[in-house]
Amino acid sequence: MALVQLRQVAQARSGDKGNTVNIAVFASDASAYEVLIREVTAERVKAHFDGLVSGEVTRYLVPNLHAMNFVCRGALSGGGSASMRMDNLGKCYAASLMRLEIEAGDSVNLSKS
Amino acid sequence: MKKIRIGAGQGFYGDSILPAIETAKRGDVQYLCFDSLAELTLAILQKDRQRDRAKGYARDISVTMRELLPFVKEKGIKILTNAGGMNPLGAQQEILRIAGELGIKGLKVAVVTGDDVIDQLQAWEQQGISLAHMEDRREVEAIRSRIVFANAYLGAGPVVEALQQGADVIITGRTTDSALFLAPLIYEFGWGQEDWNRLAQGILMGHLMECSGQATGGNYSGDWQSVEDLDSIGFPVAEIREDGEFFLTKTEGTGGLVSVDTVKEQLLYEIHDPSAYMTPDVVLDLTGVQLQDAGVNRVHVTGARGTKRPDTLKVVMGYSDGWLGQAIWGYSWPDALAKAKAADRIIRNQIQRMNLQYIEVQTDYLGYNSLHGPLAREPAEEPNEVYLRMAVRTGSKEDAAKLGRLVPPLMLSGPPAMGGFLGMMKPRELLGMWSCLVPRAIVESGVQVNVLEV
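These protein sequences, in sequence, are chains A and B.
First residue of the first sequence? That's 1 in full-length UniProt numbering, and the numbers climb one at a time after it.
First residue of the second sequence? That's 1 in full-length UniProt numbering, and the numbers climb one at a time after it.
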């Protein structure tokens, strides 16, 4: 088992609505998607964003796109136009998530690395 | 089978106009749809309107129309835009004025009004309609006296009506972004109001197009370095058939990239539950969507499913939430981060000593933690320079402005080797957003379509 950063097996985009940020994560292929489903749970994402996301994190699976969508409530210290944060629109949350380290099985293709 | 081509003109107020001109010239489109309104744009436009009753629409509409009206006349391209913002009727007058200047005759400009519901809130509450926040059910009392705008997200209906009346240009306020793209399909193909799956394909098309370059290689997290010519990026063009299937592409010779990987990132952008994306016209289910490469810069999109539209419409309100004051300045190696942190301590002590009433003080170190906050890691090597940005939240504009004045003295009396002070930054009003759901009939009864011709 190898420890890899999420950026090696996925791409992602994040955006805002009110005080909520969603992060859509796309696995590079079917085998990476299986690993992501196992490793990147809502709880892990919530823990990863400790200090940035104050509300709950919900995970939705979109298997037809090898995707998972994380909806993070209370993520922008009030929301785009009320927040003092530099990333007030949450556009960097996807990048932040790509730091996450996961246990990848031997079958996972790390071509992106 | 009948098909039409639609181009994306703009993704927000302030977006480049050049890609829309390219699409008008060479994109072989019958429609150009512009989304000018992000959630917070109405707040900016409301301030414009407070200063001048004739304003309150997206001001770049003047340039847009000057560039594009000739194509409307020559090629019959129709322009649909929600750039009317807080004053669609004012925008209509501006467009007619520009048409006059350009000597264009026989142009029909339609305007959709009725999304601005601020004057109706009181009556609605008296009728027992709740304005509680749609996510956490907070009651509206907490913010009622501070509301600066309230607009309902309208669907495609009134825009379709304007097309039926022969409009060449349609200007709206808070029409839902994707509905602007759906309207031409309903008009051209005669899709029924309950043709949920086709409406869903249309909304999906609009959703992929409404953020302009984000579907053609912009803000792409994959192999972004391989995306060519972002300096001349083409905005998305959809070629859509009567049955709802469509190809997403862009104008030949423009920069950027349309591929399954660039398009799928946009597919879930700002979506919450992918099986139930609520829009005024249909509830969209993305869980069966298929994206297929169909050649260079061409992606085939199928499989959106729809279910019955909601009986409610979303109303978004903005409310005053204090003022933001900020200042940015930098320090040189050696010990750049330590110097910046020392400067932060000095300013915080001075704020206390001067008894400035700040609700919150926040400090970010640019190049280190300003975008990742607590997730950032200390740089492994000592950086050449570090900038800090201090921000304060306070109740008054005057107090917000006082922060910046504390900074210049540090040049002579603070840590060594300071540079890059960006000067006094104008305080910015902070606006909270409040979303609620109201019965659609009480909004729609006030919606009007008016057409004027020059």
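Beta carbons: idealized from backbone N, C-alpha and C, even for Gly.
Model, not experiment: these values are computed from the prediction.
Distances from the CA of Leu388 (chain B) to each of B:Glu378, B:Pro374, B:Leu371, B:Tyr365 were compared; the closest alpha carbon is that of B:Tyr365.
Against chain A, the CB of His372 (chain B) has a partner CB under 8 Å away; the residue lies at that interface. The beta-carbon separation of Asp60 (chain B) and Tyr13 (chain B), rounded to 7 Å, stays under the 8 Å limit for a contact.
Cβ-Cβ distances below 6 Å link Ala336 (chain B) to Pro383, Glu385, Val386 in the same chain, with the five nearest sequence neighbours on each side left out; the list follows chain order. Rounded to the nearest whole angstrom, the C-alpha separation of Trp329 (chain B) and Pro408 (chain B) is 9 Å. Around Ser221 (chain B), the beta-carbon contacts reaching into chain A at under 8 Å are Gln11, Ala12, Arg13, Ala94, Ala95, Met98. For the pair of segments examined, the segment 63-76 of chain B was found not to touch the segment 37-46 of chain B: the number of CB pairs separated by less than 8 Å stays below three.
Per DSSP, reduced to three states, the secondary structure at Pro439 (chain B) is strand. Around the beta carbon of Trp333 (chain B), a 10 Å sphere encloses fewer than 16 other beta carbons of the protein chains shown; the residue is thus reported as exposed.
DSSP places Arg5 (chain B) within a strand segment (E or B) once states are collapsed to three. DSSP places Asn197 (chain B) in the helix class (H, G or I) of the three-state scheme. Interface with chain B (8 Å Cβ-Cβ cutoff): Val108 (chain A) is excluded.
Interface annotation, Leu375 (chain B): in contact with chain A, CB-CB separation under 8 Å. Under the three-state reduction of DSSP output, Ser226 (chain B) falls in the helix class. In the three-state scheme derived from DSSP, where H, G and I count as helix and E and B as strand, Gly206 (chain B) is classed as helix.
At a cut-off of 8 Å between C-beta atoms, Val40 (chain A) does not count as an interface residue with respect to chain B. At a cut-off of 3 residues, the continuous stretches assigned as beta strand (DSSP E) that sit fully inside the segment 93-158 of chain B are 108-113, 147-152. Nearest neighbour of Asp35 (chain B) by Cα position, chosen from B:Ile79, B:His272, B:Ala327, B:Val258, turns out to be B:Ile79.
The DSSP-derived three-state label of Ala27 (chain A) is strand.
Assignment of Tyr269 (chain B) by DSSP, reduced to helix, strand and coil, places it in the coil class. When the beta-carbon positions are compared, Asp281 (chain B) and Leu182 (chain B) come within less than 8 Å of each other. Looking at the DSSP output, Asn22 (chain A) sits in a beta bridge with A:Gly15, A:Val71.
Chain-ordered, the chain A residues with CB closer than 8 Å to the CB of Gly432 (chain B) read Gly78, Gly79, Ser81, Ala82. Between Arg174 (chain B) and Asp119 (chain B), the CB-CB gap reaches or exceeds 8 Å. Distance from the CA of Ser221 (chain B) to the CA of Leu230 (chain B), rounded to the nearest whole angstrom, comes to 14 Å. Leu286, Thr287, Gly288, Val289, Gln290, Leu291: these are the residues of the segment 280-293 of chain B whose beta carbon lies less than 9 Å from some beta carbon of chain A, given in chain order. Residues of chain B with a Cβ closer than 8 Å to the Cβ of Lys17 (chain A) are, in chain order, Glu39, Glu270, His272. Cβ proximity to chain A below 7 Å picks out nothing from the segment 96-107 of chain B.
CA-to-CA, the gap between Glu398 (chain B) and Lys426 (chain B) works out to about 10 Å.
In the three-state reduction of the DSSP assignment, Val361 (chain B) falls in the strand class.
As the crow flies, the alpha-carbon of Leu284 (chain B) is around 25 Å from that of Ala75 (chain A). Excluding the 5 residues flanking it on each side, Tyr93 (chain A) has same chain C-beta neighbours closer than 6 Å at Ser14, Val21, Ile23, in chain order.
According to the DSSP assignment, Val62 (chain A) belongs to no alpha helix (DSSP H) but to the beta strand (DSSP E) extending over 57-62. From the listed residues A:Phe26, A:Thr41, A:Ala30, A:Ala12, the smallest Cα separation to Ile102 (chain A) is found for A:Thr41.
Restricted to the segment 384-450 of chain B, the alpha helix (DSSP H) segments that are unbroken, complete and at least 4 residues in length are 397-405, 410-413, 440-444, listed in chain order. Interface annotation, Ala67 (chain A): in contact with chain B, CB-CB separation under 8 Å.
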